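Protein chains in written order, with the numbering used here: chain A, 12 to 124; chain B, 23 to 135.
Below is one structure, written out as structure tokens; the observations come after it.
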């Protein structure tokens with residue numbers, strides 16, 4: 012099955028700095044890569060996703076890049092704000108059979124004012 | 023409002039006492055699943071359901087049961103809970119498996135003593 016590795020496990024930045032979280036996946040058949048944000052006491056919520064037919068996607072301060080050859084994808088947050096502090100999960104999905112999402116172990120992002 | 027609800031939100035129980043965590047979604051989603059979240063291990067899928075009366079095992083199904091008798095409901099059953107099932111549980115639903123946004127419930131914090 013699919014295996015998703017996520018780094019770093021914790022990340023501390025100053026407000027206004029950029030933050031980058033990286034994930035690698037094992038199965039080259041994976042074609043969907045979402046990122047979820049989990050705030051304290053809440054369930055994860057989708058913030059951005061990318062499919063394998065594109066290399067980059069942006070949504071305001073958030074961007075995701077995908078390198079299919081190297082089998083890795085990254086989340087970029089620019090101009091970080093304290094409300095960006097949360098746990099972020101990457102995931103990958105294989106489009107075959109009863110495909111499901113495989114999640115990374117998560118990154119705790121702390122943005123200090 | 024589109025949402026996934028779980029009950030109870032918090033539960034403390036003793037080893038061996040059967041319990042059920044309910045999950046309900048109001049989005050007419052076909053696909054529902056249960057995850058557990060443990061420190062350092064991320065989100066791991068327990069069971070999923072493609073539709074009414076169709077369920078299958080995820081990555082960590084041992085000790086759990088599910089049923090899908092109605093499209094909107096997907097209860098998680100622990101027939102004989104053990105301390106290693108102490109965890110944070112999330113129910114999720116989506117329009118389909120794989121490459122679709124998953125909507126998570128608020129979580130159920132379970133402690134088994």
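Quick reminder that beta carbons are idealized off the backbone N, C-alpha and C, glycines included.
Every value quoted in this text rests on a predicted model; they were computed, and no experiment measured them.
Identify the contact partners of residue 63/B in chain A, using a Cβ-Cβ distance below 8 angstroms as the criterion.
Taking the first residue of the second chain as 1, we reach residue 63/B at position 41. Correct list: 116.
Can you name, in chain order, every residue of its own chain whose Cβ lies under 7 angstroms from the Cβ of residue 33/A, other than the five neighbours on each side?
Reading the first chain from its first residue, position 22 is the one you call residue 33/A. Same-chain partners within the cutoff: 18, 83, 85.
Check residue 47/B in the structure and name its three-state DSSP category.
Against the second chain, residue 47/B aligns to sequence position 25. The answer is strand: DSSP assigns residue 47/B an E or B state.
State the Cα-Cα distance for the pair residue 76/B and residue 46/A, rounded to the nearest angstrom.
Your numbering for residue 76/B matches position 54 in the second chain. Your numbering for residue 46/A matches position 35 in the first chain. Between residue 76/B and residue 46/A, the C-alpha separation is close to 27 angstroms.
Less than 8 angstroms between CB atoms is the rule here; does residue 47/B satisfy it with respect to chain A?
On the second chain, position 25 is the one that residue 47/B refers to. No, its Cβ sits nowhere closer than 8 angstroms to a Cβ of chain A.
Simplified DSSP assignment, three categories, for residue 38/A:
Taking the first chain and counting its residues from 1, one reaches residue 38/A at position 27. Reduced to three states, the DSSP call for residue 38/A is coil.
Euclidean distance between Cα positions of residue 81/A and residue 37/A:
Numbered from its first residue, the first chain carries residue 81/A at position 70. Numbered from its first residue, the first chain carries residue 37/A at position 26. Near 10 angstroms, if we compare the C-alpha coordinates of residue 37/A and residue 81/A.
Thinking C-beta only, is residue 122/A closer than 8 angstroms to residue 96/A?
Mapped onto the first chain, residue 96/A falls at position 85. Mapped onto the first chain, residue 122/A falls at position 111. For residue 96/A and residue 122/A, yes; Cβs fall inside 8 angstroms.
Classify residue 81/B as helix, strand or coil using the three-state DSSP reduction.
Here residue 81/B corresponds to residue number 59 of the second chain, with the count starting at 1. In the structure shown, residue 81/B sits in coil (DSSP, three-state: anything other than H, G, I, E or B).
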